[in-house]
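Q: Numbering (this note's numbering), first residue to last: 65 to 169. The beta carbon of each residue, even a glycine, is placed where N, CA and C say it ideally should be.
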Amino acid sequence: KELNEKNGKGDIPEGYAVAPIYIGADDKVFDMSFGGVLFYGPGCSYEVFAGRDASRCLALMSLKEEDALNPDVSDLEEKKIKIMRDWISTFEDRKKYPIVGRLAK
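1) Output the distance between the C-alpha atoms of Asp-150 and Pro-106, rounded to the nearest integer angstrom.
2) For Phe-94, which beta-bridge partners are listed by DSSP?
3) When you compare only the Cα positions, how much space is there between Pro-135 and Gly-115?
4) With distances taken between CB atoms, is the gap from Ser-119 to Met-96 smaller than 8 Å?
5) Mind checking which residues open and close the alpha helix (DSSP H) that includes Lys-144?
6) Considering only the alpha carbon of each residue, which of Asp-131, Leu-124, Ala-83 and Glu-156 lies closest to Glu-141?
7) Quick one: grab the DSSP three-state call for Asp-139.
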């Protein structure tokens, strides 16, 4: 529930320039609010990920709403899981988005 509320459309807390944007991937929750607003914010290309576990979308490189509503990756081949993990590495190592929590599985 808390993840769904962090979709870039809520109140702007102290220390933030925009409403928080959290994205889940595998077991991690990333805060995309700092540096990711132009990608994940309201009306932007990857808005479908905001406030959701985007694991399936990342693995399939999909912007489809049905993939955003179903984060399960257990039916995907290892090649697709690797794509998701590559995205997670990009978020952590290249973009330096902070990890702010863990997804309950």
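A: Concretely, from the data shown:
1) For Asp-150 and Pro-106, the distance between alpha carbons rounds to 25 Å.
2) Note: Phe-94 sits in a beta bridge opposite Ile-87 and Ile-163.
3) The straight-line gap from Cα to Cα measures roughly 12 Å.
4) In this structure, Met-96 does not lie closer than 8 Å to Ser-119 by Cβ.
5) From DSSP, the alpha helix (DSSP H) with Lys-144 extends over 142 to 153.
6) Of the listed residues, the one whose Cα sits closest to Glu-141 is Leu-124.
7) Look at Asp-139 here: in three-state DSSP terms it is coil, with no helix or strand label.
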